[in-house]
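Numbered per my numbering, the sequence shown spans residues 25 to 348. Some notes on the structure that comes next.
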Amino acid sequence: MITAKNNTLHILGVTILPGESKEISLDLAKLHTTSTVDVPIIVERSKIPGPTILFTAGIHGDEVNGVEIVRQLIASGINKPKCGTIICIPVINIFGFINLKREFPDGRDLNRVFPGSVNGSLASRVAHKLVHEIIPHVDLIIDYHTGSAGRFNAPQLRFVKDNKELNELSKVFGAPFVLYSKNLNKSFRNTCHKLGKPMLLFEGGKSFHIDETITASGIKGAKRILQHFGMLKSNFTVAKPTKESIYINESTWKRAKYSGMFKPSVKIGIKVNKRDVLGTITDPFGKFNHFVKANNVGYIINVNEAPIVYQGDALFHISTKLKR
Numbered sequence: 025m026i027t028a029k030n031n032t033l034h035i036l037g038v039t040i041l042p043g044e045s046k047e048i049s050l051d052l053a054k055l056h057t058t059s060t061v062d063v064p065i066i067v068e069r070s071k072i073p074g075p076t077i078l079f080t081a082g083i084h085g086d087e088v089n090g091v092e093i094v095r096q097l098i099a100s101g102i103n104k105p106k107c108g109t110i111i112c113i114p115v116i117n118i119f120g121f122i123n124l125k126r127e128f129p130d131g132r133d134l135n136r137v138f139p140g141s142v143n144g145s146l147a148s149r150v151a152h153k154l155v156h157e158i159i160p161h162v163d164l165i166i167d168y169h170t171g172s173a174g175r176f177n178a179p180q181l182r183f184v185k186d187n188k189e190l191n192e193l194s195k196v197f198g199a200p201f202v203l204y205s206k207n208l209n210k211s212f213r214n215t216c217h218k219l220g221k222p223m224l225l226f227e228g229g230k231s232f233h234i235d236e237t238i239t240a241s242g243i244k245g246a247k248r249i250l251q252h253f254g255m256l257k258s259n260f261t262v263a264k265p266t267k268e269s270i271y272i273n274e275s276t277w278k279r280a281k282y283s284g285m286f287k288p289s290v291k292i293g294i295k296v297n298k299r300d301v302l303g304t305i306t307d308p309f310g311k312f313n314h315f316v317k318a319n320n321v322g323y324i325i326n327v328n329e330a331p332i333v334y335q336g337d338a339l340f341h342i343s344t345k346l347k348r
């Protein structure tokens, strides 16, 4: 349950009083050149009591669209709350962001090492600091992600189906789609769940790409959540969603039957019927042309935009069962 409070905040040895704004550095490690690497954490507090909401992005270093969403929250001043506290971490995996890689320099996926260890790998140590230094202070986390490996996600929220609180908050956020999914072992989301910290995980767009529609969806959702808790200042306005979210109970991947050059022919987010043509796979020599067809009626919530695919590659993520 999210409640209003206005106590003195102590994060990473820094004290932030009600009404104060501070940028804190999460000291991760040093590079092999002895240069320090810090993760900036932007904390904005109102003098009026209220919840503490954390906005995060960049757990994977190649997911720049999430970083852009949190950046815009800060640049536009949306993160300055009318009441309560807003904490923003635009880039958690600063190593991957610098090196244009999904993983940490040790090759580990940060989102598979939570809750981490103080004596573990570099990624594990970062996860441990985040879990023990930041998460205890927050009431709600909104974590921004994108699709990987050239796969473009429709703007969507992900959480476990039977969580009443997150279902209610998802209606407030107003993403076009909600995909019910299990909490993966050792993920940031699963760890927050075990700690009793609700998280809305937003997926949208693809790696190494910034899309205006995805960015707008993520920002509007954040503003609606802040407005819901009375935290959005009056100089910001946000419209209600034009359509109700589509809640997806089950989904499936349409995979490539052949290897070749791939071109999708349907737009993300649309509803397709069984046997509709979704795209084509061809060879470079003009001798082969295969039509990729839908196996069922459903919504396209992910499209592979890679120009070259191999047999078995995931091409389209399609809903198979909607919430009634």
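Even glycine gets a Cβ: it sits at the ideal position worked out from N, Cα and C.
Given this structure, state the Cα-to-Cα distance separating S45 from I158, to the nearest angstrom.
Within the sequence shown, numbered from 1, the residue matching residue 45 stands at position 21. Within the sequence shown, numbered from 1, the residue matching residue 158 stands at position 134. Cα-Cα distance, rounded: 16 Å.
Check C107 in the structure and name its three-state DSSP category.
Here residue 107 refers to the residue found at position 83 of the sequence shown. Three-state result, C107: coil.
Just the C-alpha distance for M223 and F309, rounded to the nearest angstrom, thanks.
For the purposes of this step, residue 223 is taken as the residue at position 199 of the sequence shown. For the purposes of this step, residue 309 is taken as the residue at position 285 of the sequence shown. Computed Cα separation, rounded: 49 Å.
Three or more C-beta pairs under 8 Å: does that hold for the region 165 to 173 against the region 65 to 83?
The region 165 to 173 vs the region 65 to 83: in contact.
Can you find the residues in the same chain that come closer than 6 Å, C-beta to C-beta, to E92, ignoring five residues on each side of it along the sequence?
For the purposes of this step, residue 92 is taken as residue 68 along the sequence shown, with counting starting at 1. Taken in chain order, the residues that qualify are I234 and T239.
Give every residue of the same chain whose Cβ lies closer than 7 Å to the Cβ of H341, excluding the five residues on either side of it in the sequence, and list them in chain order.
By 1-based counting over the sequence shown, the position of residue 341 is 317. These residues qualify, in order along the chain: S275, W277, I325 and N326.
Could you compute how far the alpha carbon of H56 sits from the alpha carbon of I292?
Sequence index remark: in the sequence shown, residue 56 carries index 32 (1-based). Sequence index remark: in the sequence shown, residue 292 carries index 268 (1-based). Computed Cα separation, rounded: 43 Å.
Taking K281 as the reference, which of D300, H252, K153 and T306 has the closest Cα?
For this step, residue 281 is matched to residue 257 along the sequence shown. With distances taken between Cα atoms, K281 lies closest to T306.
Report yes or no: do the region 253 to 273 and the region 104 to 121 share at least 3 C-beta pairs separated by less than 8 Å?
Judged by Cβ distances under 8 Å, the region 253 to 273 makes contact with the region 104 to 121, as three or more pairs qualify.
Hey, K195 and S269: beta-carbon distance below 9 Å or not?
As a working mapping, residue 195 is identified with position 171 in the sequence shown. As a working mapping, residue 269 is identified with position 245 in the sequence shown. Yes, they are a contact pair.
Mind checking which residues open and close the alpha helix (DSSP H) that includes H252?
Here residue 252 refers to the residue found at position 228 when the sequence shown is read from its first residue. From DSSP, the alpha helix (DSSP H) with H252 extends over E236 to H252.
Looking only at its own chain, which residues have a Cβ that is under 7 Å from the Cβ of F128, when we skip the five neighbours before and after it?
Reading the sequence shown from its first residue, position 104 is the one you call residue 128. Only N117, F119, G120, L134, L146 and A147 meet the Cβ criterion.
Can you tell me whether DSSP reads T58 as helix, strand or coil?
Against the sequence shown, residue 58 aligns to sequence position 34. Coil at T58, not helix or strand.
Give the straight-line distance between the Cα atoms of C112 and A318, rounded to the nearest whole angstrom.
What you label residue 112 is simply residue 88 of the sequence shown in a count that begins at 1. What you label residue 318 is simply residue 294 of the sequence shown in a count that begins at 1. Approximately 40 Å between the Cα atoms of the pair.
Around the C-beta of P331, are 16 or more other C-beta atoms found within 10 angstroms, so that it is buried, or is it exposed?
Mapped onto the sequence shown, residue 331 falls at position 307. The residue in question, P331, is exposed, as its Cβ has fewer than 16 Cβ neighbours within 10 Å.
Looking at the structure shown, is L78 part of a helix, part of a strand, or coil, going by DSSP?
In the sequence shown, counting from the first residue as 1, residue 78 sits at position 54. DSSP places L78 in strand when its eight states are reduced to three.
Can you tell me which of A99, N123, V38 and D62 puts its alpha carbon nearest to the alpha carbon of E87?
Within the sequence shown, residue 87 is the residue found at index 63, counting from 1. When only C-alpha atoms are compared, the closest one is N123.
Since T183 and R248 should fall inside the 8 Å C-beta cutoff, what is the C-beta to C-beta distance between them, to a whole number of angstroms?
Position 159 of the sequence shown, counted from the start, is the residue given in the question as residue 183. Position 224 of the sequence shown, counted from the start, is the residue given in the question as residue 248. According to the sequence shown, residue 183 is Phe rather than Thr. The Cβ separation is near 16 Å, so there is no contact.
Considering only C-alpha positions, which residue in the set F232, G37 and F260 is nearest to N89?
Looking up residue 89 in the sequence shown gives position 65. N89 has its Cα closest to that of F232, out of F232, G37 and F260.
Count the other CB atoms within 10 Å of the CB of D186; is the residue buried (16 or more) or exposed (fewer)?
Along the sequence shown, read from residue 1 onward, the residue named residue 186 stands at position 162. By the 10 Å Cβ count, D186 comes out exposed.
So what does E68 bridge to, in DSSP terms?
In the sequence shown, the residue the question calls residue 68 occupies position 44. Beta-bridge pairing links E68 to S45 and I110.
Measure how close the beta-carbons of R136 and K210 come, nearest whole angstrom, since I'm counting them as under 8 Å.
Position 112 of the sequence shown, counting from 1, holds the residue named residue 136. Position 186 of the sequence shown, counting from 1, holds the residue named residue 210. Contact flag correct, Cβ pair sits at about 5 Å.
Taking its Cβ as the centre, do 16 or more other Cβ atoms sit within 10 Å of L36, making it buried, or is it exposed?
To locate residue 36, count along the sequence shown from 1; it is residue 12. Counting Cβ neighbours within 10 Å, L36 comes out exposed, since fewer than 16 surround it.
With distances taken from CA atoms, which of N207, L97 and D62 is nearest E68?
Within the sequence shown, residue 68 is the residue found at index 44, counting from 1. Nearest of N207, L97 and D62 to E68, Cα basis: L97.
What do you get for R299, buried or exposed, if any count of 16 or more other CB atoms within 10 angstroms of its CB means buried?
Counting from 1 along the sequence shown, the entry for residue 299 is found at position 275. Its Cβ having fewer than 16 others within 10 Å, R299 is exposed.
Taking just the CA atoms, how far does N207 sit from F138?
In the sequence shown, the residue the question calls residue 138 occupies position 114. In the sequence shown, the residue the question calls residue 207 occupies position 183. Distance between the alpha carbons of F138 and N207 is about 12 Å.
Here's the rule: buried if 16 or more other CB atoms are within 10 angstroms of the residue's CB, otherwise exposed. What is E227?
Numbered from its first residue, the sequence shown carries residue 227 at position 203. Counting Cβ neighbours within 10 Å, E227 comes out buried, since at least 16 surround it.
Out of A178, R95, E189 and T215, point me to the one whose CA is closest to H152's CA.
Taking the sequence shown and counting its residues from 1, one reaches residue 152 at position 128. Of the listed residues, the one whose Cα sits closest to H152 is T215.
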